[in-house]
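My numbering puts the first residue of the sequence shown at 3, with every later residue one more than the last. Glycine residues also receive a C-beta, built at the ideal position from the N, C-alpha and C atoms. Every value quoted in this text rests on a predicted model; they were computed, and no experiment measured them.
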Amino acid sequence: MDGSVDSQRHLHVWDYVVFAISIAVSLGIGIFYAFMNRWKNNIEEYLMGGRSMGFLPTAVSLVVSFQSAVTMLGIPAECYYNGFQYLWFAVGLALSMMLVVNVGVSMFCSLRITSAYEYLELRFQSKSVRLLASFMGILQNVFWMGVVMYAPAVALEAVSGYPVWNSNVVTTIAAIIYTSLGGLKAVIWTDVFQSIVMLALMLAVLIQGTVEVGGAKQIWDIAEAADPTVRHTFWSLILGSFFVGIGFTYNNSTFQRIACTKNRKEAKRMLYLSSPVFFFGTVVSLYCGITAFSYFQTKQCDPLKSGQITNPNQVAALFSASLSTLSSGLASVGSMVWTDFIQPHVGEMSQSKSTLVIKVIVVLFGCLTCGVSFLVAAIGGTLIQIALSMIFAFSAPQCGMFMLGCFFPRCNAK
Numbered sequence: 003m004d005g006s007v008d009s010q011r012h013l014h015v016w017d018y019v020v021f022a023i024s025i026a027v028s029l030g031i032g033i034f035y036a037f038m039n040r041w042k043n044n045i046e047e048y049l050m051g052g053r054s055m056g057f058l059p060t061a062v063s064l065v066v067s068f069q070s071a072v073t074m075l076g077i078p079a080e081c082y083y084n085g086f087q088y089l090w091f092a093v094g095l096a097l098s099m100m101l102v103v104n105v106g107v108s109m110f111c112s113l114r115i116t117s118a119y120e121y122l123e124l125r126f127q128s129k130s131v132r133l134l135a136s137f138m139g140i141l142q143n144v145f146w147m148g149v150v151m152y153a154p155a156v157a158l159e160a161v162s163g164y165p166v167w168n169s170n171v172v173t174t175i176a177a178i179i180y181t182s183l184g185g186l187k188a189v190i191w192t193d194v195f196q197s198i199v200m201l202a203l204m205l206a207v208l209i210q211g212t213v214e215v216g217g218a219k220q221i222w223d224i225a226e227a228a229d230p231t232v233r234h235t236f237w238s239l240i241l242g243s244f245f246v247g248i249g250f251t252y253n254n255s256t257f258q259r260i261a262c263t264k265n266r267k268e269a270k271r272m273l274y275l276s277s278p279v280f281f282f283g284t285v286v287s288l289y290c291g292i293t294a295f296s297y298f299q300t301k302q303c304d305p306l307k308s309g310q311i312t313n314p315n316q317v318a319a320l321f322s323a324s325l326s327t328l329s330s331g332l333a334s335v336g337s338m339v340w341t342d343f344i345q346p347h348v349g350e351m352s353q354s355k356s357t358l359v360i361k362v363i364v365v366l367f368g369c370l371t372c373g374v375s376f377l378v379a380a381i382g383g384t385l386i387q388i389a390l391s392m393i394f395a396f397s398a399p400q401c402g403m404f405m406l407g408c409f410f411p412r413c414n415a416k
């Protein structure tokens, strides 16, 4: 048994072809936009996409920035381990994102700022408030990117024996190159490409798994007969996800997607579309989880119980580049570090030099994120548990600052 398992820990030629195409296309998009924008070497073009993007690619980019590797690995593993209850998280998140559309768009579109935290300084007349919120935003992005980078590396090691550190380095280099070269436009269109790859892989798992088990009804019957131990409750998921959704609205990555659209109408369309897209992605991921559970129950070879897999994050043995989230995070961090911490202290600087500084920031934080990803392996729990813990730790106080500024006009920095 052990020998047969070890003998299968390798990749086939077509696996390498898919990985190579995924990275090559991402790099190609970055190089393309670097060439196209060589005469528009300014900060607004680099960080805001020239404020000319349409709602459809921007909505897709927003969704995969927050899901990608966690969706493909963490949510199926959570469903495999604890059941289908996580669906209520997607419901609460989608509802909250739709409810705060008008607030987020009205707040950011009219100001024409380059960092979400500039709003806090304008609202509270306090640079300290802005810097504190921005610092928490940077930490949130770095830790979130670390989790996202770790996810596909674990999956690849599980199915091929390829070392985690090798995967992390390759992913980091690719994301740094196309993000630093192409800016936000390259990030958005690469996200669109990555979303196609992720959806295709998940649908392949669903179709093959459903056929192997004997149909969707058989999958559901097996899932219902499993251990009914309750990890989540309806209200904990609905309320928790509702506030996560509000926090996403005030995240700097979301702000960049709002600010890069052509106008306020396009920004609203983008946010309204992102809610059902997010819900659909979560449902597909959950179904991958119960399909895997039903398959192993049918074959009587649960890899967790047999010890073939010691980490539940390996259950959904899929590999899809975490480039989408990593590149979005790097673009966001580059914007925050430059706009909130460096630009106010360097005085007048040419647009080309400013853009070069931001590219250096992207490279440095890409390397830092690669280091953080190795620390994630030492944290217990499933990917989705780790990711949500980090999100809540940093987004809750930031969300409180923005909501205080939006809804309580008498409040000030004191």
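Closest in alpha carbon position to Val215, among Ala118, Thr341, Leu390 and Ile292, is Ile292. Here the stretch 129 to 137 makes contact with the stretch 337 to 345; the two share three or more CB pairs at distances below 8 Å.
Just so you know, the alpha carbons of Gly249 and Ser397 end up roughly 6 Å apart. A distance of 8 Å or more separates the beta carbons of Ile198 and Pro59.
Minimum Cα-Cα distance from Asn254 among the listed residues Lys361, Met138 and Met272 corresponds to Met138. Boundaries of the alpha helix (DSSP H) harbouring Gln258: Asn254 to Ala261, taken from the DSSP string. Collapsing the DSSP output to three states places Met147 in a helix. With the rule of 3 Cβ pairs closer than 8 Å, the stretch 331 to 341 does not count as touching the stretch 259 to 277. In this structure, Met151 places its C-beta atom within 8 Å of the C-beta atom of Leu328. In chain order, Phe250 place their CB closer than 6 Å to the CB of Thr256, counting only its own chain and leaving out the 5 sequence neighbours on each side. Exclusion of the five residues before and after Val171 leaves Cys372 as the residues of its chain whose Cβ lies within less than 7 Å of its Cβ. Pairing Val374 with Phe145, the inter-Cα distance amounts to about 7 Å. Taking one beta carbon from each stretch, the stretch 346 to 364 and the stretch 103 to 116 have fewer than 3 pairs nearer than 8 Å; the two do not touch.
The DSSP-derived three-state label of Met351 is coil. In terms of Cβ geometry, Tyr289 and Phe404 do not form a close pair [threshold 8 Å]. Bridge pairing for Met99: absent [DSSP]. Sequence-distant Cβ neighbours of Ala36 in its own chain, meaning closer than 6 Å and more than five residues away, are Leu183 and Gly184.
Of all C-beta pairs linking the stretch 351 to 367 to the stretch 216 to 226, fewer than three are shorter than 8 Å, placing the two stretches out of contact. One alpha carbon belongs to Val364, the other to Ile179, and they sit about 9 Å apart. Under the DSSP definition of a beta bridge, Met55 partners with Thr263.
By the neighbour-count criterion, in which a residue is buried when 16 or more other Cβ atoms sit within 10 angstroms of its Cβ, Gly163 is exposed.
Scanning Thr116, Phe236 and Phe68 for the CA closest to the CA of Met392 turns up Phe68. A direct Cα-Cα distance of roughly 27 Å separates Thr174 from Val279. In this structure, Leu122 is the residue among Leu122, Gly148 and Met200 with its C-alpha nearest to the C-alpha of Gln400.
With contacts defined as CB atoms closer than 8 Å, Gly283 and Val65 qualify as a contacting pair. When DSSP states are grouped into helix, strand and coil, Gly139 belongs to the helix group. Note on Lys42: under 16 other CB atoms within 10 angstroms of its CB, so exposed under the neighbour-count rule. Residue burial annotation: Pro154 is buried, with at least 16 other C-beta atoms found within 10 angstroms of its C-beta. With contacts defined by Cβ atoms closer than 8 Å, Leu239 and Trp90 form a contacting pair. Around the beta-carbon of Asp193, 16 or more other beta-carbon atoms lie within 10 Å, marking it buried.
Distance check between Leu366 and each of Val378, Val339 and Ala379 places Val339 closest, using alpha-carbon atoms only. Taking 8 Å as the cut-off, the beta carbon of Ala176 is found closer than this to the beta carbon of Leu29. Per DSSP, the continuous alpha helix (DSSP H) segment holding Pro78 begins and ends at Ile77 to Asn84. Taking C-alpha positions only, Ala269 is separated from Thr300 by approximately 47 Å.
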